[in-house]
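Chemist: Protein chains in written order, with the working numbering: chain A, 41 to 205; chain B, 3 to 168. Beta carbons are placed, not taken as given, at the ideal position from N, Cα and C, and that holds for glycine.
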Ligand SMILES: Nc1nc2c(ncn2[C@@H]2O[C@H](COP(=O)(O)OP(=O)(O)OP(=O)(O)O)[C@@H](O)[C@H]2O)c(=O)[nH]1
Ligand SMILES: [Mg+2]
């Protein structure tokens, strides 16, 4: 299992609803927690990550700020169409900021259990975790329905997976 | 290049001129610097209380507010706080940038709310104060340019905060 969302692993951003040339959406999948993609106003907002091929998904980790309601959907088609819901989460607003070490530690968690996907969202200070049954996808759609501020930032999305043969 | 989008709630008592103001505002974009563009989504709300429930369904996740009153009508000025608080209630933990706009400056003889009164109320709520007359097409752009500029500033501030998050 490795991060199949990474640009260097063939991941691409198929669609975004906000664009600032200084902070391109590819920042989400460049493997760095420092670069980010900001939304530029109003909600809902979304982005779609397309994998190089159909992937069996291990776990999904998202590092972002100010996201309140997030929906993740998947598609197994060649084109990014016919999405089905995967998880939906409303994140609590907790003041305070996470330390870099904690963020990295949360990102380190590996999927040991082969029939479960861990979804970890770090938006405010506390990481929120969910478990979903294992699945495959060639595209993941992240729908940001609402936020705690005028804008949100998505710093990194990592998706552990392996190609389905 | 970046395109910023903001949801602006235009509110105030009935017949103060909200619709006249939003319709009079037409930007050709020349007032904006080249490095960004701004789309203001203006939600021109009905002022009649019987529409209150339906109006507020459209008020979720507002970015900015424009509260308007008729400067010849004291009641409409007194109602500004009610409209402001209702909109602010949509975002309890966050202050919403906005403008207070006194409308119908062409009716000078009938004026009952002074510039000073308007400005004082605006200051107390962190709003920027404007006077205009959609009828004479006087100063109708200024409040919207202010909101656009304010939103751009806000975006820049938030971007700096995002940079420090990790
Ligand atoms: N003298 C004068 N009359 C104006 C001006 N702007 C609007 N009016 C008049 O005021 C009346 C109400 O204007 P609207 O723009 O419909 O008012 P509104 O605030 O949208 O009212 P609601 O939608 O009912 O809440 C109309 O008869 C307009 O012609 C102005 O600048 N000067
Ligand atoms: Mg109207």
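Can you tell me where the beta strand (DSSP E) holding residue 57 of chain B begins and where it ends?
Modeler: It is not in any beta strand (DSSP E) - residue 57 of chain B instead sits in the alpha helix (DSSP H) that spans 54-59.
Chemist: Starting from the beta carbon of residue 164 of chain B, find every residue of chain A whose beta carbon is closer than 7 Å, and list them in chain order.
Modeler: Result: 76, 78, 105 and 193.
Chemist: From residue 91 of chain B to residue 4 of chain B, what does the alpha carbon distance come to, in whole angstroms?
Modeler: Rounded to the nearest angstrom, the two C-alpha atoms are 30 Å apart.
Chemist: Helix, strand or coil for residue 123 of chain A, going by three-state DSSP, please let me know.
Modeler: coil
Chemist: Measure the alpha-carbon distance for residue 73 of chain A versus residue 47 of chain A and round it to whole angstroms.
Modeler: 14 Å
Chemist: Helix or strand or just coil, what does DSSP make of residue 204 of chain A?
Modeler: DSSP places residue 204 of chain A in coil when its eight states are reduced to three.
Chemist: Given that residue 161 of chain B touches chain A, what residues does it touch there, using C-beta distances under 7 Å?
Modeler: 78
Chemist: In the stretch 172-203 of chain A, which residues sit with their C-beta less than 7 Å from some C-beta in chain B, listed in chain order?
Modeler: 186, 189, 190, 191, 193 and 195
Chemist: Name the chain A residues whose beta carbon is nearer than 7 Å to that of residue 81 of chain B?
Modeler: In chain order: nothing, as chain A lies at least about 27 Å away.
Chemist: Please confirm whether residue 8 of chain B and residue 82 of chain A have their CB atoms less than 8 Å apart.
Modeler: yes
Chemist: Count Cβ pairs between the stretch 82-101 of chain A and the stretch 12-32 of chain B that sit closer than 8 Å; are there 3 or more?
Modeler: no
Chemist: Kindly say whether residue 63 of chain B, judged by its beta-carbon, lies nearer than 8 Å to any beta-carbon of chain A.
Modeler: yes
Chemist: At what residues does the beta strand (DSSP E) containing residue 175 of chain A begin and finish?
Modeler: 175-187
Chemist: Along the stretch 53-70 of chain A, where does the CB come closer than 9 Å to a CB of chain E? Name the residues.
Modeler: Chain labels in this structure do not include chain E; the protein chains are A and B.
Chemist: Should residue 191 of chain A and residue 165 of chain B be called a contact, given that it needs their Cβ atoms to be closer than 8 Å?
Modeler: For residue 191 of chain A and residue 165 of chain B, no; Cβs fall outside 8 Å.
Chemist: At 7 Å on the CB atoms, spell out the chain B contacts of residue 140 of chain A, in chain order.
Modeler: Within chain B, the residues near residue 140 of chain A are 168.
Chemist: Using a C-beta to C-beta distance shorter than 9 Å, which residues of chain B count as neighbours of residue 46 of chain A?
Modeler: Chain B residues near residue 46 of chain A: none, gap ~17 Å exceeds 9 Å.
Chemist: Look up residue 120 of chain B in the DSSP assignment and say whether it is helix, strand or coil.
Modeler: Helix.
Chemist: Rounded to the nearest angstrom, what separates residue 95 of chain B and residue 121 of chain A at their Cα positions?
Modeler: Roughly 37 Å separates the two Cα atoms.
Chemist: In chain order, what are the residues with a CB under 7 Å from some non-hydrogen atom of ligand 2?
Modeler: B:20, B:21, B:46, B:48 and B:49
Chemist: Where DSSP assigns a beta bridge to residue 132 of chain B, which residues make up the other side?
Modeler: Beta-bridge pairing by DSSP links residue 132 of chain B to B:103.
Chemist: Residues of chain B with CB under 8 Å from residue 83 of chain A, in chain order?
Modeler: 63
Chemist: Answer yes or no: do residue 112 of chain A and residue 143 of chain A have a C-beta to C-beta separation smaller than 8 Å?
Modeler: no
Chemist: Can you find a heavy atom of ligand 1 that lies under 7 Å from the Cβ of residue 145 of chain B?
Modeler: Outside the cutoff, so no.
Chemist: Beta-carbon of residue 9 of chain B versus every beta-carbon of chain A: anything under 8 Å?
Modeler: yes
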